[in-house]
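Asker:
Protein chains in written order, with this note's numbering: chain A, 224 to 329; chain B, 562 to 1051; chain C, 16 to 180; chain D, 37 to 265.
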């Protein structure tokens, strides 16, 4: 049973990790990194590492998510839908029209 | 003997207190850093004089190894533990600027102190993960220092450096995980005992490769050295001098310890040899094409460090001696060159006529260039000849390939270094301004060290030989750190 | 329910997951041209390394290394890798925060986070500051929009001038 | 071209490590020092949580290095971001729910953070985890209403003194016992709050240092003006 849970978590984590790389929307990408962090925390509990799980949950899923989200606002990458690209979002009065910084995959 | 931790923790203490102190007294904060560094150098020198004949071991917290972290001080470690505070002082960034923001100055001084502490820690530590931690500390402190000029180009260069370096650290962490899974210990002496029968073959090689690539980032080793020219072209010249001179040698020292103690297998040496050859070829050819002074000496330092790693790959004490000699020579010569680049930071064309404005600096440049190329009586020649002789004695196809590569790049090196020398002594309309007294003084002092060691090359070679023999003696390391009758605390 | 344990055990699963994370992170670092994306990829690679390290101390049927946490006398997992990972996690978040600070500054001046664009402008600025001739047009890829003007050099930490766009 | 090379590299790395996995004896670690820690860490240091015992005891120097790294990162970030302009625009305050929530959350987070720091030697958690939660507490307050700023002078005093006290406890041990960071003050009774000698003291220093460092870092980032219009 536990192995099933682990399988689901590992698959979810890998899918989210790929999503971080391919999602166009940076808010979604940051959310996906938080999912990776949460998955890690679950795996740490299963691997009998409660201290690490607590830290990973606080840091990987919480703190670093907050820092990255903050960065998104400062970098003008905070748009929730494709159509919002570049337009000033109500949440971010300071976002700039040039501020989307295209992401080109090679 | 237990005071050997002080040169690591006192700079940390000073760095932590720097900013509150700057709020109380600016003057105290400005002098705190140099005072602490002088104190550290003094402590190391005193311990070296009193106990330095045989290597000694200090367990942190009194926990007997392999449970606790240990510091291991042999001659080589003590040389670097002494050089770190001295070079940090020589290239202390706080002299002669009029920046008035006290908290800016306090932060900058704190970063240099953190770099010094991590450097001493890297030289002394005898625990793999502790080395990793100090390596990371050196990395983070150098990110801050590399972006010190505050220009956006420096930030871009630093960001790329950060990504490369952090990725390298992740790789070496994977290497540590593989190693720990098989051996169950992190103490270098303990590893030296168990790796011969637990970590051989492809697994050991993979673990070594991951760690060498990771720790090789700071040592400017081949795959992950793309950051070097950008950072040295944009960072303040004194910071470049510290990174290229000192920090790269400390990373090389870590690789040396890994090779001697943990991964004592021929495949590991061959891997190092190949990476070293690739480093010298890419580095020196790029230096030949460089059009500005800082990047030229940055690329040339990639090449020189490649020679160090080639030397380490030679079997036995001869290789260690050659590697240590090249590394120490490069530490002195390249630091002095970067000291000169404080003012000569522009394109090579702009250096025309600089010899008339700054005759001493131009003379120093010629001396340093001759030594780097390896012209006979200078120490650089002896260092290089040791490598070549070692390779010739090794005699395998790879060794001979490396030998040819070194000879080839020496010609390239001579061509681009002389090109600059000619330009210095040619006629020019607007030569760059002369150097500040401190920078010129430091470069002169380092040049004088080179000249003096030319005169005393025979005794110097003898003492270096004993240093190398000690550093290459894995059995001595194990016996010192893990004495047969385990002396527990109290 | 299918008996999964007969096919694969927890350790192997986690091992595959950890290696996958490292590989995906490496791939992201190599392929992406956006600095922020590269930072996210770096975090993923570090997570993979941490997971691998935890795995290096795990053994089945052992409890967490806290006395009184599991049944008395039960064997415990190796505590040392957990300590190392705690350290590594905190190092990782520190580096990440510092990188974010640098990203914010770079973006404020250059207005882009595309690595190729940034490197081009960095090269240009370095050349200009060194007094070297600017790389000629044949080195610039054809068909792209011309580079925006280089902001004049300003002393560190002065007020940031608005960039014309 | 580059993408193909990177794909090959990453794929090769993964393949290599997966192939080596067979030799790794997963789930059967060597436990060379690990078993020794499990055997003696409890009695020797008096801490029920062996992870904390190793973190602040056996590998206290690593922890000091880690605090220094966090400090270096915060220092470098402060250098990079510089001072904010007085007239720079700030983000608007969050909505009513966020502000009310933050006011409720703040005392809760502070209490939880202090609890986790203080019980690090007994239960999962310790200086780092508690410190992160403390930092979050202060940061949530700033996030809800950006016009409230953290007092930078206070932060720099706390982080300076917390870090210094960690080192000074170590130097005290060097003078007293002859070894830097050696455990002092006896072990006490395992399981009680006041046990494990200097470990809880070190834990508190770690918690304060990590908390103030991270709070300062986040405040610095959030304080920088958004891009100039």
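Ideal Cβ placement from N, Cα and C applies to all residues, glycine included.
Computed from a prediction, not measured in an experiment: that's the story for all the values here.
Can you pull the chain A residues whose beta carbon is under 7 Å from the beta carbon of residue 112/C, in chain order?
Answerer: Residues of chain A passing the Cβ test: 290.
Asker: Could you tell me whether any Cβ in chain C is nearer than 7 Å to the Cβ of residue 307/A?
Answerer: In this prediction, residue 307/A has a pLDDT of 43, which is less than 50 and means its spatial position is unreliable; nothing more can be read from the coordinates.
Asker: What number of angstroms, rounded off, separates the C-alpha of residue 631/B from the C-alpha of residue 689/B?
Answerer: Answer to the nearest angstrom: the Cα atoms are 10 Å apart.
Asker: If you run the structure through DSSP and keep just helix, strand and coil, what is residue 632/B?
Answerer: Of the three classes helix, strand and coil, the one that applies to residue 632/B here is strand, per DSSP.
Asker: Can you tell me the Cα-Cα spacing of residue 646/B and residue 842/B, whole angstroms?
Answerer: Each residue's alpha carbon lies about 33 Å from the other.
Asker: Determine whether the Cβ of residue 239/A lies closer than 7 Å to any Cβ atom of chain C.
Answerer: Answer no: the Cβ-Cβ gap between residue 239/A and chain C never drops below 7 Å.
Asker: Just to confirm the assignment: which complete alpha helix (DSSP H) runs, minimum length 4, are found wholly within the segment 149-208 of chain D?
Answerer: Qualifying alpha helix (DSSP H) stretches, in chain order: 163-180.
Asker: Just the Cα atoms here: how many angstroms apart are residue 118/C and residue 644/B?
Answerer: Roughly 34 Å between the two C-alpha positions.
Asker: If the cut is a Cβ gap below 7 Å, which residues of chain C does residue 987/B touch?
Answerer: Within 7 Å Cβ-Cβ: nothing; residue 987/B doesn't reach chain C, min ~17 Å.
Asker: Report yes if the C-beta of residue 758/B is less than 6 Å from at least one heavy atom of the ligand GDP; otherwise report no.
Answerer: Annotation note on the ligand GDP: not contained in the displayed structure, which lists no ligands.
Asker: Would you say residue 125/C reaches chain A, if we count a Cβ-Cβ gap shorter than 7 Å as a contact?
Answerer: By this cut-off, residue 125/C is not an interface position.
Asker: Cα separation between residue 171/C and residue 112/D?
Answerer: Below a pLDDT of 50, predicted positions are generally treated as unreliable, and residue 171/C, at 36, falls in that range; no measurement from the model is reported.
Asker: If you draw a straight line from the C-alpha of residue 241/A to the C-alpha of residue 39/C, how long is it?
Answerer: Spanning the two alpha carbons is a distance of roughly 7 Å.
Asker: Quick check on residue 164/D - is its C-beta less than 7 Å from some C-beta in chain A?
Answerer: Taking Cβ atoms only, chain A reaches closer than 7 Å to residue 164/D, which makes this a yes.
Asker: Please confirm if residue 332/A has its CB atom under 7 Å from at least one CB of chain C.
Answerer: This structure does not reach residue 332/A, given that chain A is present from 224 up to 329, and the question cannot be answered.
Asker: Pick helix, strand or coil for residue 188/A, following the three-state DSSP scheme.
Answerer: A question about residue 188/A goes unanswered here, because the residues of chain A that appear run from 224 up to 329.
Asker: Whose C-beta lies closer than 6 Å to the C-beta of residue 859/B among residues of the same chain, with five residues either side of it excluded?
Answerer: Hits under 6 Å: 789, 790 and 793.
Asker: Using a C-beta cutoff of 7 Å, does residue 728/B count as contacting chain C?
Answerer: Yes, contact with chain C.
Asker: On the premise that residue 758/B lies in contact with residue 904/B, defined as a C-beta separation below 8 Å, what is that separation, rounded to the nearest angstrom?
Answerer: Not quite, the Cβ-Cβ distance comes to about 57 Å (not below 8 Å), so this is no contact.
Asker: Is the CB of residue 657/B under 7 Å away from at least one CB in chain C?
Answerer: Here the model assigns residue 657/B a pLDDT of 47, short of 50, so the residue's position is not dependable and the matter cannot be decided.
Asker: Helix, strand or coil: how does DSSP classify residue 49/C here?
Answerer: Looking at residue 49/C - three-state DSSP - the assignment turns out to be strand.
Asker: Kindly list, in the order they appear in chain C, the residues whose Cβ is closer than 9 Å to that of residue 234/D.
Answerer: The contacting residues do not exist; residue 234/D stays about 18 Å from chain C at best.
Asker: Could one say the Cβ of residue 73/C lies closer than 7 Å to chain A's Cβ atoms, at least one of them?
Answerer: Yes, residue 73/C counts as interfacial toward chain A.
Asker: What residue from 906/B, 895/B, 562/B and 986/B has the CA that sits closest to residue 923/B's CA?
Answerer: For the residues 906/B, 895/B, 562/B and 986/B, the minimum Cα distance to residue 923/B belongs to 986/B.
Asker: Hey, how far is the Cα of residue 591/B from the Cα of residue 584/B?
Answerer: Rounded to whole angstroms, residue 591/B to residue 584/B spans 12 Å at the Cα level.
Asker: Would you decide whether residue 254/D is buried or exposed? Buried here means 16 or more other CB atoms lie within 10 Å of its CB.
Answerer: Classification of residue 254/D: buried, given that the 10 Å Cβ count is 16 or more.
Asker: Below 6 Å CB to CB, which residues in the same chain sit around residue 870/B once its five sequence neighbours on both sides are set aside?
Answerer: Result list for residue 870/B: 833 and 837, in chain order.
Asker: Let's see if you can read the secondary structure: which residues bound the alpha helix (DSSP H) around residue 772/B?
Answerer: Element bounds for residue 772/B: 762-776.
Asker: Taking only beta carbons into account, state which residues of the segment 28-53 of chain C come closer than 8 Å to chain A, listed in chain order.
Answerer: Listed by position, the residues of the segment 28-53 of chain C near chain A (Cβ gap below 8 Å) are 28, 29, 31, 32, 35, 36, 39, 40, 42, 43, 46, 47, 48, 49, 51 and 52.
Asker: Looking at C-alpha atoms only, which residue of 577/B, 610/B and 638/B is the closest neighbour of residue 195/D?
Answerer: Nearest C-alpha to residue 195/D: 577/B.
Asker: Sorted by chain position, which residues of the same chain lie with C-beta nearer than 6 Å to residue 36/C's C-beta, five sequence neighbours on each side aside?
Answerer: Hits under 6 Å: 59, 62 and 63.
Asker: Give the residues from the segment 115-143 of chain C that approach chain A closer than 7 Å (Cβ to any Cβ), ordered along the chain.
Answerer: Residues passing the 7 Å Cβ filter: 115, 118, 119, 122, 126, 127, 128 and 129.
Asker: Would you decide whether residue 274/A is buried or exposed? Buried here means 16 or more other CB atoms lie within 10 Å of its CB.
Answerer: Buried is the call here.
Asker: Can you tell me the Cα-Cα spacing of residue 66/D and residue 33/C, whole angstroms?
Answerer: If you take the alpha carbons of residue 66/D and residue 33/C, they lie about 20 Å apart.
Asker: Between the C-alpha atoms of residue 796/B and residue 1022/B, what's the straight-line distance to the nearest angstrom?
Answerer: Spanning the two alpha carbons is a distance of roughly 35 Å.
Asker: Is residue 106/C close to chain B, meaning its C-beta is less than 7 Å from at least one C-beta of that chain?
Answerer: Interface residue, yes.
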